[in-house]
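Heads up: the sequence shown runs through residues 128 to 592, numbered per our numbering. Where is the CB? At the ideal position from N, CA and C, for every residue including glycine.
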Amino acid sequence: MPKNQEKRIIVFIWLGNFLLIWYLISLHFYWLPLQSIDSTELTQKERLELRNPVRTTAVQAIGVLIQFIGGAAVLFTFYFTQKNLKITQKNLKIAEKNLQATQDKQITERFTKAIEQLGSQELSMCLGGIYALERIAEESERDSWPIMEVLAAYVCSKAKYRNKGNNIPAIQAILDIFNRYNKRYRKYEGKYLNLKKVNLSKDLFDGVDFYGLNLSNADFTDANLSKRQFIRTNFMFTNFTKADLSKTKFEEVNFTNANLSGANLEKAEFKEVNFTNANISGANLEKAEFTNVNFQNANFSNANLVGMKLYYDRADFSGANFTDTKIADVDKYTKQIYLTTQICQADFKNTVLNRTDFRGVNLIRADFRGAKLERTDFRNAILDNANFENVIFAGSYLQNVSLRDANLSGANLRGAYFINADFENTNFSEADLANADFTGAKNLTQQQIKAARSWKEAKFDFMVS
């Protein structure tokens, strides 16, 4: 039924009801009482006296009727207002749906065209498609993540091998988009843009940061990634051979089984980073800073760790290989040892530390249980509260070390050089001191010495009795 016709019928019904009620009130409160008075034999004065109350009652009844009509009019107006509002809202929803459908159609058309441009062999067309997709992602948050995944898939398809020709500018443009996108949308926690197995070696990524990317098995050989920022990035099995990562910041990054051999990580910052089973051999980590990191079973052989600093919780180096690693900060001309490297509270359990240079390194509260220390150089190192329980010091150098409150119980110290070392409260219980040299030792008591084994075969510059 048409809206106007429905409204007209309702008005007629209300008008009919009003006239009926008006008639009944007039009949009951006015005409019938007047007829009753007129049919009675009364004087004119008496008749007038009886008619006045009737008129008053009729007027009151009419007043009540008018109030009722006013209330009914208000209800009537409210009813139609609400009905009109619902109709308006319904029409608005329909309009919104139509608009959304139109916009979706336009986005679909633009997306299709952008994908066609993306597949073009011409650089200008390809870049146009890339930036068109970025524009769609900006306008439609619903489509933004799928578009980023499309661009990531494009990078993977074009960067499987060494990049040549037009691929590099296109890939650079997409990485720039990832950078801008990640700064706008930080809510996609737990999601990673998949760039697995990409080869980005030797490419230059000026101003590009990496956030929330899955770059496992990627190849960054010789890549220049200096002064970049990597947040929540997955680098499992990724190749960084000889890459430049100096002054780069890494936060919540996974380097498990990654290859960082020969990479330059000078002054890089690592926070909440996992290096389990990583190959860091020959890498330059000079003055790098580490906070809450895991180096389990990592390979640091021949790496440069001079001036590195570890902060907060215990760093886990258990099972790592430090063969021929340079950690000491020593002037190559004057041979002066600088106390700049800090590896406090580190876990070196079962670690290979053969020929590792720890000269002048701060190793307070480090745990060396089960470590291999063949010809390890600890000269001038700070080893207070360190744990060397049952460790074998095979030809290691320990001159001028501080071993205050350290645990050397059960350790094999045969032939070790402890010249000028500080042993305040050091535990030698059941340690083997045969042929060890304690010349110039400080704070070493006879009680400590006699708690060890073979102490009579050791060399002291004071009488032990």
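- The criterion of a C-beta distance shorter than 7 Å is satisfied by N448 and N426.
- Taking the Cα of E393 as reference, the smallest distance to any Cα among E379, G522, D371, E516 is reached at D371.
- Going by DSSP, I358 is part of the beta strand (DSSP E) stretching over 356-358.
- With a beta-carbon spacing of about 14 Å, E261 and L320 fall beyond the 8 Å limit used to define contacts.
- Sequence-distant Cβ neighbours of A259 in its own chain, meaning closer than 6 Å and more than five residues away, are A241.
- By alpha-carbon distance to A493, the top candidate from F515, G567, L480 is F515.
- Per DSSP, the continuous alpha helix (DSSP H) segment holding L254 begins and ends at 250-266.
- Assigned with DSSP and collapsed to three states, K398 falls in strand.
- A228 sits exposed, since fewer than 16 C-beta atoms from the chains shown fall within 10 Å of its C-beta.
- By the criterion of a C-beta distance shorter than 6 Å, G542 is surrounded in its chain by N562, once the five residues flanking it on both sides are discounted.
- Beta-bridge partners of D484 (DSSP): K453, D504.
- C-alpha of T368 to C-alpha of A345: approximately 11 Å in a straight line.
- Residue range 573-577 is occupied by the alpha helix (DSSP H) that includes K577, with no beta strand (DSSP E) assigned at that position.
- Per DSSP, the beta-bridge partners of L340 are L320.
- DSSP places T418 inside the beta strand (DSSP E), whose first and last residues are 416-418.
- Within a 10 Å sphere around the beta-carbon of K224 sit fewer than 16 other beta-carbons, which makes this residue exposed.
- Taking 7 Å as the cut-off, the Cβ atoms of L500 and L480 count as close.
- By the C-beta density criterion, K453 is buried, having at least 16 other C-beta atoms within 10 angstroms.
- In the structure shown, R580 falls within a strand segment according to DSSP collapsed to helix, strand and coil.
- With 16 or more other CB atoms across the displayed protein chains lying within 10 angstroms of its CB, A350 is buried.
- For the options S408, T403, N404, M435, the alpha carbon positioned closest to that of A415 is the one of M435.
- Under the DSSP assignment, Y438 falls in the beta strand (DSSP E) whose first and last residues are 436-438.
- Taken atom to atom, the span from the alpha-carbon of I509 to that of N489 is near 5 Å.
- Around the beta carbon of L219, fewer than 16 other beta carbons lie within 10 angstroms, which makes this residue exposed.
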